[in-house]
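Following the working numbering, the numbering of the sequence shown begins with 5 at its first residue and continues without gaps.
Just so you know, even glycine gets a beta-carbon here, dropped at the ideal spot from N, CA and C.
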Amino acid sequence: MKTKMLIVTILFVSFIKVVAQDFKSAETKEIALFPQQNEFRNTQNISGIWKFQKDSLEVGESQKWQNGLPNGRSIAVPGSWNDQFTDSRDYLGLAWYEKEIYVPSSWKGQKIFVRIGSANYASKVYINGKSVGFHDGGHLPFAFDISPYVNWNVANRITIQIENVLKPSRVPTGGGVAGGIFNSNPKANFDFFPYAGLHRDVWLYSVQSNARIKDITIRTGFENTTGSVNVNVDVEGKATKGKVVISGNNRVYESEFSLNKGIANVNVSIPEVRLWSTEDPFLYKVKVSISDENKTIDSYELESGVRTITTTDKQILLNGKPIFLKGFGKHEDFPIIGRGTSNPVIIKDNSLLKWVGANSYRTSHYPYDEEYMRMADREGILIINEIPAVGLYFHGDKEELRLRQIACKKYIEELITRDKNHPSVVMWCVANEPFPANMDMSSLTDVRKADPNSIVLFKELFDLVNKLDPTRLKTLVGVMGGPIEWLALSDVVCINRYWGWYTNQGDIKTGAKMLSDELDNLYSKLKKPIIITEFGADTFPGMHADQAEMFTEEYQVQFIKAYLDVADTKDFVAGMHVWAFSDFKTGQSVIRFGGINYKGVFTRDRKPKMAAHYLRERWAKKPEDKK
Numbered sequence: 005m006k007t008k009m010l011i012v013t014i015l016f017v018s019f020i021k022v023v024a025q026d027f028k029s030a031e032t033k034e035i036a037l038f039p040q041q042n043e044f045r046n047t048q049n050i051s052g053i054w055k056f057q058k059d060s061l062e063v064g065e066s067q068k069w070q071n072g073l074p075n076g077r078s079i080a081v082p083g084s085w086n087d088q089f090t091d092s093r094d095y096l097g098l099a100w101y102e103k104e105i106y107v108p109s110s111w112k113g114q115k116i117f118v119r120i121g122s123a124n125y126a127s128k129v130y131i132n133g134k135s136v137g138f139h140d141g142g143h144l145p146f147a148f149d150i151s152p153y154v155n156w157n158v159a160n161r162i163t164i165q166i167e168n169v170l171k172p173s174r175v176p177t178g179g180g181v182a183g184g185i186f187n188s189n190p191k192a193n194f195d196f197f198p199y200a201g202l203h204r205d206v207w208l209y210s211v212q213s214n215a216r217i218k219d220i221t222i223r224t225g226f227e228n229t230t231g232s233v234n235v236n237v238d239v240e241g242k243a244t245k246g247k248v249v250i251s252g253n254n255r256v257y258e259s260e261f262s263l264n265k266g267i268a269n270v271n272v273s274i275p276e277v278r279l280w281s282t283e284d285p286f287l288y289k290v291k292v293s294i295s296d297e298n299k300t301i302d303s304y305e306l307e308s309g310v311r312t313i314t315t316t317d318k319q320i321l322l323n324g325k326p327i328f329l330k331g332f333g334k335h336e337d338f339p340i341i342g343r344g345t346s347n348p349v350i351i352k353d354n355s356l357l358k359w360v361g362a363n364s365y366r367t368s369h370y371p372y373d374e375e376y377m378r379m380a381d382r383e384g385i386l387i388i389n390e391i392p393a394v395g396l397y398f399h400g401d402k403e404e405l406r407l408r409q410i411a412c413k414k415y416i417e418e419l420i421t422r423d424k425n426h427p428s429v430v431m432w433c434v435a436n437e438p439f440p441a442n443m444d445m446s447s448l449t450d451v452r453k454a455d456p457n458s459i460v461l462f463k464e465l466f467d468l469v470n471k472l473d474p475t476r477l478k479t480l481v482g483v484m485g486g487p488i489e490w491l492a493l494s495d496v497v498c499i500n501r502y503w504g505w506y507t508n509q510g511d512i513k514t515g516a517k518m519l520s521d522e523l524d525n526l527y528s529k530l531k532k533p534i535i536i537t538e539f540g541a542d543t544f545p546g547m548h549a550d551q552a553e554m555f556t557e558e559y560q561v562q563f564i565k566a567y568l569d570v571a572d573t574k575d576f577v578a579g580m581h582v583w584a585f586s587d588f589k590t591g592q593s594v595i596r597f598g599g600i601n602y603k604g605v606f607t608r609d610r611k612p613k614m615a616a617h618y619l620r621e622r623w624a625k626k627p628e629d630k631k
């Protein structure tokens, strides 16, 4: 087994080295600003129907498929290839996408980029058969300057090769290497389906060639009734000065700045500030423009909310006031589109969150589409934003651990670069349910010790988060049977617990007692606010019993009620996230009937179960109500 893993690792490292010779790696900074149309910038969404071809024999490159797919068939983008065809559900490997596009002639003289919202997991991009760039990692965008490769007044061919093999060296980890915990097909080391493909929109956009705004970082605070907005501007090219204009609440605030080596830092005060909150998610417009000595040459506008997020030893404070996080873990998952972005689904999900009385969710177990963040900003939803570090383990091959560490750091950099300006994002999560080698899910005793390598890894990840964004909270989500040393590193202790489901099956009363005892034990040692980020029970829609039993809707309601009741007795519990918002697809296994996790309080197509109505009755109260 060790020999096999070593071979896999060597091949992976060799693949990366070969790719690096011919392809430019994507630059993280290029994803900081979402494509925007204004007087200086242009955008074109090139999603829609593309051509698609699987490459199971890995002959595409040698046969030059970048110059045209020999047997391409239609596929929708965004969307997962697994659910769009009758022969590709379990296909993981190489596949190719292709589309012909026209670049408007009015864009001549500008820098032209292609931005791919997400491709799971490793991608090579070609324009007109020429290699443009390489990106490793799913769920987050990447972009390349394609200006040198564009042909004018004729069609341009964009080709994207995607590879989605489940590997021990990849994040999220695949290959079924964590002791057979998820003995499913496909052999993912996590409990959701490993969807593949172009999952988000693909954009062309242009910016000014002589100078452009490359990045904007906004940090906010307030003292008494005066808000403060700090705007850091990163500029590329020949600009010398600029202006920040903040508008909102019928007022306008301006501040001019000079650029020093392309950088400026501006502080703007807002008297009688209107704070962003879950009850009043007010957003100010922040417009940044840059100029040379004579005229404005670029601008960019975004929305921002003035707010703070801090903690005490028992509570999470939004704007200095206690806030209790009521909500869910959820997935980007919907029939037919798989993990593909659907704006109607985003609207529906946020509508249901409001309907049920939730104020928060976790992006389990990977970053979501940016439109989720923008919607949460507008609706006042708090987000725990998570990188795809699910199923991490620390025993076995050390080189694989090193590669996973590199991948986690890269994900953190890309996620914070993308989402750092969203007021809805209040917490960064660096891992979900990492596995200790000696995990015992049935015990409450603290006999499990953290692998020293894991402590080093998580400390480095948290240090990186603090360096990139010291204004938000940080956490990791602990598995049942995981060591307390991991939890101690977090600002907020997040745990997933299933006493009365995976253990003490069918015995909710005993499960609730075990939960209560464990919470008291954890708080006595950590003295930090605790969120139960997962708890729930699989429930077949429409299955009932006169006495609650497992898989019935009655059991799900009683299970959720018991956990919420326990939380009501603990003043250090700062949030409860039911697992899950909706049913979702998984790999096939004996514990996942039909390849579906049925723990949703809504069905996969968003029909409410009894538990959704129960939560609405309990949660849809006045905002000041704690739980």
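How would you label P612, buried or exposed, when you count the other beta carbons within 10 angstroms and need 16 or more for buried?
buried
Among all the DSSP beta bridges, which residues are the ones paired with Q592? N189
Counting C-beta neighbours from all protein chains within 10 Å, is the total for N75 16 or more, i.e. buried, or is it exposed? exposed
Applying the 10 Å Cβ sphere with the 16-neighbour rule, what's the burial state of G482? buried
Does I410 pass the burial test, meaning 16 or more other C-beta atoms within 10 Å, or should it be called exposed? exposed
- [ ] Compare the Cα-Cα distances from K55 to each of F38, N42, L37, P82 and report the closest residue.
- [x] P82
Is the beta carbon of Q48 closer than 8 Å to that of L208?
yes
Exercise. Quick one, are the C-beta atoms of S586 and R622 less than 8 Å apart?
Worked result: no
Unbroken beta strand (DSSP E) runs of length 3 or more, entirely within the stretch 16-74: which are they? 46-49, 52-58
Buried or exposed (CB count within 10 angstroms, at least 16 for buried), R366:
buried
Fill in: Chain-order list of residues whose beta-carbon lies under 6 Å from that of I388 (same chain, five-residue window excluded)
R366, M431, C433
Return the CA-CA distance between K424 and A435, expressed in angstroms with no decimal places.
18 Å
- Query: To which residues does DSSP link G102 through a beta bridge?
  - Reply: Looking at the sequence provided, one finds Glu at residue 102 rather than Gly. According to DSSP, E102 bridges with K55, T163.
task: Keeping to the same chain, check which residues put their C-beta closer than 6 Å to that of L419; ignore five residues upstream and five downstream.
output: P371, I391
Determine whether the beta carbon atoms of K112 and W156 lie at a separation below 8 Å. yes
Mapping DSSP to helix, strand and coil, what is H617? helix
- request: Have a look at S593 and E538 and give me their C-alpha separation to the nearest angstrom.
  value: 21 Å
| message | Could you compute how far the alpha carbon of E34 sits from the alpha carbon of Q114? | response | 16 Å
Margin query: Whole angstroms are fine: how far does the CA of T282 sit from the CA of V561?
Written below: 26 Å
Could you have a look at G184 and say whether DSSP puts it in helix, strand or coil? For G184, the pLDDT reaches just 46, beneath the cut-off of 50, and the residue's location in the model is therefore unreliable, leaving the point undetermined.
Rounded C-beta distance between K128 and F27? I'm assuming under 8 Å.
6 Å
query = If R520 and V570 are in contact, beta carbons under 8 Å, what's the gap, nearest whole angstrom?
reply = According to the sequence displayed, residue 520 carries Ser and not Arg. About 5 Å; that satisfies the 8 Å criterion.
ask   = Where DSSP assigns a beta bridge to I534, which residues make up the other side?
value = V497, V577
> Between V429 and the rest of its own chain, which residues show a CB-CB distance below 6 Å, the 5 nearest in sequence each way excluded?
Replying inline: I387, N389, D423
query: Hey, G395 and N86: beta-carbon distance below 8 Å or not?
result: no
Could you tell me which of A200, E374, I351 sits nearest to L165, measuring between CA atoms? Looking at the sequence provided, one finds Gln at residue 165 rather than Leu. It is A200 whose Cα lies nearest to the Cα of Q165.
Open item on the list: For L321, which residues in the same chain have their Cβ closer than 6 Å to its Cβ, ignoring the five residues on either side in sequence?
Closed with: T314
I need the DSSP call for V310, collapsed to helix, strand or coil. coil
Review point. Where DSSP assigns a beta bridge to I327, which residues make up the other side?
Key: I320
Q) Near D94, which residues of its chain fall below 8 Å by C-beta distance, leaving aside the five closest residues on each side in sequence? A) N86, N189, P190
Distance, N234 Cα to E464 Cα = 27 Å
On the three-state DSSP scale, how would you describe T244? coil
message = Suppose contacts are defined by Cβ-Cβ distances below 8 Å. Is D140 in contact with Y130 by that definition?
response = no
Q.
Here's a check: name, in chain order, each residue in its chain whose Cβ is nearer than 6 Å to the Cβ of A624, leaving out the five neighbours to either side.
A. G361
> For H139, which residues does DSSP report across the bridge?
Replying inline: S127
Does the Cβ-Cβ distance between L530 and Y304 come in under 8 Å? no
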